[in-house]
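Q: Per UniProt numbering, the very first residue in the sequence shown carries number 1; after that it's consecutive.
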Amino acid sequence: MAIGRLSMKVGKAGKAGPHAAYIAREGQYADRLERGEKLEATEAGNMPAWAQSNPQAFWQAADAFERKNGTTYREMEIALPRELDADQRAALVREFVRQEIGDRHAYQWAIHTPTAADGQEQPHVHLMFSERQRDGIERDPEQYFKRYNAKAPEKGGARKGYGPSAGQTLTKAERAAELKELRGRWEAMCNAHLERAGVEQRIDMRSHAERGTGLEPERKQLPSQWRGQGRANVIEFRQARAELAEARQELARAVPDARAEVIHLEAERQRREQAQREARERAEREKAQQERQRLERMSSRELAQEIARLR
């Protein structure tokens with residue numbers, strides 16, 4: 001089944017260079033390739049002249065010259081469909097980069113393909129990009145990351161800002177809405193590539209709550225949680241989730257509109273209870289009527305004896 005997942009994070013000063021090395025599997029991270037993980041593809045683009053042949057130089061400059069409390073990079077981490085082959089996955093990533101990054105920001109991406117819990121591939125892409133906007137002005141590394149000068153752009157750094165609300169201060173709800181829209185665009189593009197490849201599966205970026213599955217989202221697992229008993233626990237948990245999801249799907253197939261069925265059953269229960277109440281009230285009225293008629297038929301002496309008995 002094709003998996004839909006897209007997360008966004010920001011990197012602080014001092015993190016860009018090491019993270020770029022991590023996704024490119026360079027330096028201290030090169031040994032991961034020797035342990036069976038695949039670096040399926042990696043590319044960089046929109047780099048300034050001084051970093052075109054060495055993207056790592058760009059991220060190192062961001063660490064060195066970006067403000068200490070500034071953002072040195074943003075990163076999307078996206079699950080890729082294992083139903084697509086390596087070339088198809090790379091084509092999907094390239095098209096998404098053209099759509100979301102275009103020629104506006106320096107970027108670098110890498111597709112990793114480790115082994116999943118079920119023994120199959122777990123392809124995903126790390127897409128790093130700078131918030132600094134390209135404007136055609138050549139700047140050296142230090143100037144590139146300086147504060148933007150609106151009156152004289154050539155004297156300041158590249159302007160910062162990403163996405164439809166670049167340069168604006170957003171509320172938490174507004175940031176969440178932008179991320180949801182981004183996930184929607186990824187869903188549309190990914191499913192178009194799956195259809196083009198003749199694959200029936202589709203991804204669904206809606207939350208479990210939005211889909212009505214009743215499941216809780218699974219937290220991302222750290223590498224340390226995949227060792228020993230931790231790995232067995234995660235596999236057991238995922239199997240249980242899959243069985244629960246299958247049971248819910250079976251219920252949905254058996255009862256296409258479960259909500260309507262629940263409403264119908266509730267209405268039927270209320271109807272039965274109302275009928276029972278009315279039957280009890282009718283029986284009580286009939287009993288009272290019979291008792292009144294019995295008393296009316298009594299003589300004065302019999303009525304006095306009945307009153308004395310009740311006392």
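The beta-carbon is built from N, C-alpha and C at its ideal position, and this holds for glycine as well.
Only a predicted model underlies this, so the values are computations on that prediction, with no experimental measurement involved.
Taking only beta-carbon atoms, is P153 less than 9 Å away from chain D?
A: The question asks about chain D, but that chain is absent: this structure has only one protein chain.
Q: Hey, how far is the Cα of A283 from the Cα of A173?
A: C-alpha separation (whole angstroms): 59 Å.
Q: Per the contact definition of three or more C-beta pairs closer than 8 Å, is the region 25-34 in contact with the region 74-92?
A: No, they do not touch.
Q: Are the CB atoms of D103 and N46 nearer to each other than 9 Å?
A: A contact, by the Cβ cut-off of 9 Å.
Q: Report back the beta-carbon spacing between F145 and R74 to the nearest angstrom; my notes put them in contact at under 8 Å.
A: The pair is not a contact, with the Cβ atoms about 15 Å apart (cut-off 8 Å).
Q: With DSSP as the reference, please indicate the residues paired to S130 in a beta bridge.
A: Per DSSP, none; premise fails for S130.
Q: Considering only residues of the same chain and omitting the five flanking positions on each side of A61, which have a CB-CB separation below 6 Å?
A: So the list reads P141, once near-sequence residues are dropped.
Q: According to DSSP, what are the bridge partners of W186?
A: Looking at the DSSP assignment, W186 forms no beta bridge with any residue, so it has no partner.
Q: Just mark Q108 as buried or exposed, buried being the case when its beta carbon has 16 or more other beta carbons within 10 Å.
A: Burial call: buried.
Q: Would the region 28-43 count as touching the region 112-119 if we require 3 or more Cβ pairs under 8 Å?
A: Touching, per the Cβ criterion.
Q: Secondary structure at A152, three-state DSSP: helix, strand or coil?
A: Coil.
Q: Would you decide whether N191 is buried or exposed? Buried here means 16 or more other CB atoms lie within 10 Å of its CB.
A: By the neighbour-count rule (16 or more Cβ atoms within 10 Å), N191 is buried.
Q: Of the residues P48, M8, A166 and R67, which one's Cα is nearest the Cα of G14?
A: When only C-alpha atoms are compared, the closest one is R67.
Q: Give me the DSSP bridge partner(s) of G12.
A: Per the sequence shown, residue 12 should be read as Lys rather than Gly. T71, per the DSSP bridge assignment.
Q: Among W59, R35, A30 and D31, which has the Cα closest to the Cα of H19?
A: Closest option to H19, Cα to Cα, is W59.
Q: Please determine, among G17, R82, G119 and S53, the residue with the shortest C-alpha to C-alpha distance to T72.
A: Residue G17 is the option with its Cα nearest to T72.
Q: Should Q168 and G157 be called a contact, given that it needs their Cβ atoms to be closer than 9 Å?
A: Against a cut-off of 9 Å, the Cβ pair of G157 and Q168 comes out as no contact.
Q: When you compare the CB positions of M205 and G4, do they come within less than 9 Å of one another, or not?
A: Result yes, Cβ atoms of M205 and G4 sit closer than 9 Å.
Q: Whose CA, out of E154, A304 and P81, lies closest to the CA of H124?
A: That would be P81, whose Cα lies nearest to the Cα of H124.
Q: I think I78 touches L6, with their Cβ atoms under 8 Å apart; what is that distance to the nearest whole Å?
A: Indeed, because the Cβ distance is near 5 Å, the residues count as touching under 8 Å.
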